[in-house]
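Reading through the structure tokens given below for one structure.
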């Protein structure tokens, strides 16, 4: 930018122009303008402007690192203004420019100038330290300056320290007074001397150095890097080379350690296992042979390729250890199935090497490995995996987890075996609440009421507030009472009822009243009987629930309304259940024990018309219906569920994934194997709808059910593959000929599986898949739903499925 | 990272009683209210090798990668001090002081 040119403007105009340039931070031009104007005649106001311009320009060039230029400009402004030259910024520039002599020559002036801002001491201390290596600087100082007086003494002390003349060092240090600029160096030297005989005392001496001393940061490094643990490799690498050399000396490091430090600099947090392994191997002399060997051995599972190197340098690994390392390496690379086989090889080798005295120990080792193998399978409860646990318990019967897995794993497939393991678990853990509770439930389920009461008592002995045990005792008493009623021993039945009533301190169990009422009616006391039944109904609160539970009791006991005994009904034919009734029914259904389900199903069949009136009522919400469906599915009454689902309003079902799911569930009676093409296709679409609507509950229900469907398919068509945890699906694994040869079920399964994958694909991925299947190109502007619809049609063709079932869903989507 | 045996300062073949004794001693030295992290490390170490089955499990399945720093720390433990040259000391002092002062003046 050009400076404004004017041949001879009046003085005031010069000032105005210069001020404008100054305000615009155009210092260089302002200086030129002022200088030009001042050539002709002196002008004090303009000189002040020039001083300001010098000052501004000095700061400007200093910011660019041009310290000598900044120094000159600053000195110029000081000459004009007569103000103090020794500002901290000026000292800073002198130091940065290496003009120490200028500082030294004005030592007294700068001390006076910098004392108010607290900078005199650090500047003098720095000058003193610079003077140790700079005789010219020393020559600039006044002859009586403390630096001049004490520098030779300190240098003598340092040289004596190097030559190990400790007496001379002590003498010299005593000559340095506590007000000397070298006082902190005196302490430092004392600390270094002490470090040799007592490292912690030496470090303590160093820590006494003042925190406001300019050598304090250095001392902090010394303390951190010369502790009894040696250097800290992470921060050491960032230090200056000369400081590193000093630290190496103070730590007494030899060649191997210095090599180690040099090599350590090449290691970073992201270094691979191979680099770390080779580092330990190559530096084993410095690290120590045994330490390096242990380190490398511990790294082998992460770097299995290092085995050869390891054996070359440290000798052959024992066979067992090799197997262990191999298994751990396989686990880390997720080859879990292979890892299990290697662990089994380990056991074989362990037994092969076994001496008599090792037998008991090896039994425990094998048991632990077998349990570990079970865990490697993902604690999958299949016959093959449970064998690991059975074997482990044969060798070491004291493992609760193994029993728990066996009991729950065998519960569905082999209930008798499950119970046998429960008995074994109780043999070893007779006071374990989990096992006692499971035994109590199992005994109740199979009608062994006395046993159940025994287990419940044992639980209450340990945990007197255990409500499950108390409930179980009540149910056992009631179960026994039912048996006595059936055999006509009403007095004994009454005793059981009384015992149950004693246990039911809050009077919440309506069955006690219903059974009491039945006993009274059967004994001929209808009035008392009816009174007890009404009490039961008031406990249940809902007439619908009361009718259901009372019906179950009558069905269980084989009692009818025919003959001399008449039993009351809590709901008449026109009874209209409200929302509270339906909600209470859904809650109650979930708590009815499995052994009562046959009676429950019969009772529900009778009550169906009443329930349907409730489900059709306007005030009944979708959540009420879902809760009821969920409870009916839980007690496996698919007949009632189907009737109720059929009664749903069409629009409601089309919009609710969960209700739609229960419709499908009712149609196939809860069995995935009964899933027809129409239902399976509908489920696939419901799942997509759930994904679109973010309906987590609906999606989860369908996923679980479809998971059972897929596992059913694989168990019949494919070999057992229990250890394969991956769920990789290759949609092109079968060619057209193979697909044609598959059963309809299998084709449907593959179709649904591919459909499930679609929902996780991006639109472009779906389009690419559609292009691949159809062999045609589609515009990239197509809507996602259109692409999906087109893809579904093509998939139906690919898997030879009837598209007629799909049309309405595709339109709906 | 130290092994549980190293942390509790017990030999690899120590039995349940010895390990428990070492654990209690370590807890006394590092109570949780003073140094929570140290106490937690001691507790974790104890749980890893508390019983014989635990020790077998640790010996068989432990896959904790050893830390390089703990390996090098032993090798880099200081030996006898070698006195540096006076020139080295004075140079380090001057450079360090200058760097500190410049940093302060900024």
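Chains as they are written, first to last, in this note's numbering: chain Z, 2 to 814; chain E, 1000 to 1105. For glycine and all other residues, C-beta sits at the position ideal for the given N, C-alpha and C.
In the DSSP assignment, residue 585 (chain Z) falls within the unbroken alpha helix (DSSP H) covering 580-591. When secondary structure is reduced to three states using DSSP, residue 231 (chain Z) falls in the strand class. Non-local C-beta neighbours of residue 600 (chain Z) in its own chain, meaning closer than 6 Å and more than five positions away in sequence, comprise 553, 556 and 557, ordered along the chain. Collapsing the DSSP output to three states places residue 199 (chain Z) in coil.
The beta carbon of residue 89 (chain Z) falls within 9 Å of a beta carbon belonging to chain E, placing the residue at that interface. Taking a cut-off of 8 Å for Cβ pairs, the region 87-96 of chain Z and the region 136-152 of chain Z do not touch, as fewer than three such pairs fall below it. Within the model, the alpha-carbon separation for residue 270 (chain Z) versus residue 1032 (chain E) is close to 32 Å.
Closest option to residue 519 (chain Z), judged by alpha-carbon separation, among Z:77, Z:492 and Z:576: Z:492. In this structure, the alpha-carbon of residue 98 (chain Z) lies about 10 Å from that of residue 63 (chain Z). Taking 9 Å as the threshold, the shortest C-beta distance from residue 120 (chain Z) to chain E falls below it. Look at the region 1073-1095 of chain E: the residues with a C-beta under 8 Å from a C-beta of chain Z are 1073, 1074, 1075, 1076, 1077, 1078, 1079, 1080, 1081, 1082, 1083, 1084, 1085, 1086, 1087, 1088, 1089, 1090, 1091, 1092, 1093, 1094 and 1095.
In the three-state reduction of the DSSP assignment, residue 183 (chain Z) falls in the coil class, being assigned neither a helical nor a strand state.
Here the C-alpha atom of residue 1064 (chain E) lies approximately 7 Å from the C-alpha atom of residue 299 (chain Z). When only Cα atoms are considered, residue 211 (chain Z) and residue 1076 (chain E) end up about 28 Å apart. For the region 295-326 of chain Z, the set of positions with a beta-carbon nearer than 8 Å to some beta-carbon of chain E reads 295, 296, 299, 300, 302, 303 and 325 in chain order.
Among the residues of chain E, those whose CB is under 8 Å from the CB of residue 243 (chain Z) are 1087, 1090, 1091 and 1094, following chain order.
Between residue 438 (chain Z) and residue 414 (chain Z), the C-beta gap is not smaller than 9 Å, which leaves the two residues out of contact.
With a threshold of 16 other beta carbon atoms within 10 Å, residue 188 (chain Z) meets it and is buried. If you draw a 10 Å sphere on the C-beta of residue 538 (chain Z), you find 16 or more other C-beta atoms in it, and that means buried.
The region 329-342 of chain Z and the region 366-384 of chain Z touch, with three or more beta-carbon pairs separated by less than 8 Å.
Its Cα nearest to that of residue 228 (chain Z), the residue Z:252 stands out among Z:252, Z:241, Z:328 and Z:216. The C-beta separation of residue 412 (chain Z) from residue 419 (chain Z) comes to about 5 Å, placing the pair in contact by the 8 Å criterion. In this structure, the CA atom of residue 149 (chain Z) is about 11 Å from the CA atom of residue 105 (chain Z). Looking at the backbone, the Cα of residue 486 (chain Z) and that of residue 560 (chain Z) are separated by about 10 Å. Where residue 61 (chain Z) is concerned, the enclosing alpha helix (DSSP H) starts and stops at 45-64. Counting along the chain, the unbroken alpha helix (DSSP H) around residue 607 (chain Z) starts and ends at 598-617. Of all C-beta pairs linking the region 641-649 of chain Z to the region 679-690 of chain Z, fewer than three are shorter than 8 Å, placing the two stretches out of contact. Residue 289 (chain Z) has a beta carbon lying within less than 9 Å of a beta carbon in chain E. For residue 1086 (chain E), the secondary structure class from DSSP, reduced to helix, strand or coil, is helix. According to the DSSP assignment, residue 542 (chain Z) belongs to no alpha helix (DSSP H), since it is labelled neither H nor E. Taking the C-beta atoms as reference points, residue 215 (chain Z) is found nearer than 9 Å to residue 130 (chain Z). DSSP places residue 118 (chain Z) outside both helix and strand once states are collapsed to three, so it counts as coil. Look at residue 369 (chain Z) here: in three-state DSSP terms it is helix.
Contact check for residue 288 (chain Z) against residue 1070 (chain E) passes: the beta carbons are separated by less than 9 Å. Of the candidates Z:301, Z:335 and Z:315, Z:301 places its Cα closest to the Cα of residue 325 (chain Z).
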